[in-house]
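Scroll down for the structure; my scribbles are underneath it.
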Amino acid sequence: MFDPAQLRTFLAVAQTLSFTQAAHRLGLRQSTVSQHVRKLEDAAGRRLFARDTHAVELTEDGEAMLGFARTILEANERAAGFFAGTRLRGRLRFGASEDFVLTRMPEVLEEFRREHPEVDLELTVELSGTLHELLAAGRLDLVLAKRRPDEARGRLVWRDRLVWVGAQRLRLDPRRPVPLVVYPPPALTRARALETLERAGREWRITCTSGSLNGLIAATRAGLGVMAHTRGMIPPGLVRISSRAGLPELGGVEFVLLHGRAERAARGPAEALADAILAGGDRLQIP
Numbered sequence: 001m002f003d004p005a006q007l008r009t010f011l012a013v014a015q016t017l018s019f020t021q022a023a024h025r026l027g028l029r030q031s032t033v034s035q036h037v038r039k040l041e042d043a044a045g046r047r048l049f050a051r052d053t054h055a056v057e058l059t060e061d062g063e064a065m066l067g068f069a070r071t072i073l074e075a076n077e078r079a080a081g082f083f084a085g086t087r088l089r090g091r092l093r094f095g096a097s098e099d100f101v102l103t104r105m106p107e108v109l110e111e112f113r114r115e116h117p118e119v120d121l122e123l124t125v126e127l128s129g130t131l132h133e134l135l136a137a138g139r140l141d142l143v144l145a146k147r148r149p150d151e152a153r154g155r156l157v158w159r160d161r162l163v164w165v166g167a168q169r170l171r172l173d174p175r176r177p178v179p180l181v182v183y184p185p186p187a188l189t190r191a192r193a194l195e196t197l198e199r200a201g202r203e204w205r206i207t208c209t210s211g212s213l214n215g216l217i218a219a220t221r222a223g224l225g226v227m228a229h230t231r232g233m234i235p236p237g238l239v240r241i242s243s244r245a246g247l248p249e250l251g252g253v254e255f256v257l258l259h260g261r262a263e264r265a266a267r268g269p270a271e272a273l274a275d276a277i278l279a280g281g282d283r284l285q286i287p
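Residue numbers (the UniProt record's numbering): 1 to 287.
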């Protein structure tokens, strides 16, 4: 009933919230992306996206289709791999931003290891800036990390916005400097928070610095301050700070896959893991 090519296109649009970005990711024309989505909506008999000239959003039926699409495509890939009779081998050094610790990324990696048991997967969890440095130094083969919306490097996996988060009971005094809980440099969220506050003319003070996401969460839950965080990945126990607090908008953020100068033995595994992450990109949010 559902064409795998149309399902892949649907997932790409759902993850990037852009027909243009989905076309770029898939190497298709934008008209082809629109055609795939239209045919899938016809097959389902439901509207999957609410879209206008400014924005693309999933409908309720579109949200339901996410799980079905991923399941169908995973079964299709397993069948294709089985009958192709090829087994990937080699060492794959994969780096991921710590943002994904609380998401379903472990499920994606577990499924990859089950499908490719002869791949020696080495995982590095670090700040996005550090991962970029390790990739450039040839110490990683594949990286999943943040980039600024104005950067072009990498394959776009997911687009979101940065928001201010804090403890439910936290109250900010507009007459006092904004208390900040931040990663150390070169964290993108730290740089964005400081740049945004300074542009808005808001004074700030750092109340906690930690290279660990758990450390930042603990400090923020304790009411030490606010932190900049991805909207779709807000940790349990924290809430988005209301616009009534008067904090400036932090803007967008994008998560991308970047390939390093991989040895020949790592290229196949890197491509396979990249495909698995792209297919499961909707799982990189906290339910």
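Virtual Cβ for every residue (Gly too), placed ideally from N, Cα, C. Please read these numbers as outputs of a predicted model, since none were measured by experiment.
In the structure shown, Arg139 adopts coil according to DSSP, grouped into three states. Per DSSP, the continuous beta strand (DSSP E) segment holding Val253 begins and ends at Gly252 to His259. Counting only runs that start and end inside the stretch 170-223, the beta strand (DSSP E) elements of at least 3 residues fall at 178-182 and 204-209. A contact is defined here as three or more CB-CB pairs under 8 Å, and the stretch 221-240 meets this definition with respect to the stretch 99-116. For Phe2, no beta strand (DSSP E) encloses it, and the DSSP letter there is neither H nor E. Cβ-Cβ distances below 6 Å link Ser210 to Leu216 in the same chain, with the five nearest sequence neighbours on each side left out; the list follows chain order. In this structure Phe94 is in contact with Glu122, their Cβ atoms being roughly 7 Å apart against a cut-off of 8 Å.
Closest by C-alpha distance to Pro149, out of Leu162, His132 and Leu26, is Leu162. The criterion of a C-beta distance shorter than 9 Å is satisfied by Leu156 and Phe255.
Boundaries of the alpha helix (DSSP H) harbouring Thr32: Gln30 to Ala44, taken from the DSSP string. For Gly154, the secondary structure class from DSSP, reduced to helix, strand or coil, is coil. Non-local C-beta neighbours of Ala69 in its own chain, meaning closer than 7 Å and more than five positions away in sequence, comprise Leu7, Phe10 and Leu11, ordered along the chain.
If the five residues before and after Thr196 are omitted, its C-beta is found closer than 6 Å to the C-beta atoms of Pro248 and Leu250, all from its own chain and listed in chain order. The three-state reading of DSSP puts Gly246 in coil, since its state is none of H, G, I, E or B.
For Glu57, the enclosing beta strand (DSSP E) begins and ends at Val56 to Leu58. Contact annotation: the stretch 165-179 touches the stretch 239-248, with at least three C-beta pairs closer than 8 Å. In the structure shown, Arg114 falls within a helical segment according to DSSP collapsed to helix, strand and coil.
In the DSSP assignment, Ala50 falls within the unbroken beta strand (DSSP E) covering Phe49 to Arg51. The criterion of a C-beta distance shorter than 9 Å is not satisfied by Pro186 and Gly223. Approximately 6 Å separates the beta-carbon atoms of Leu257 and Ile277; this is inside 8 Å, confirming the contact. For Phe94, DSSP records a beta bridge to Leu123 and Leu142. C-alpha of Leu28 to C-alpha of Val37: approximately 13 Å in a straight line. Judged by DSSP in its simplified three-state form, Thr16 adopts helix.
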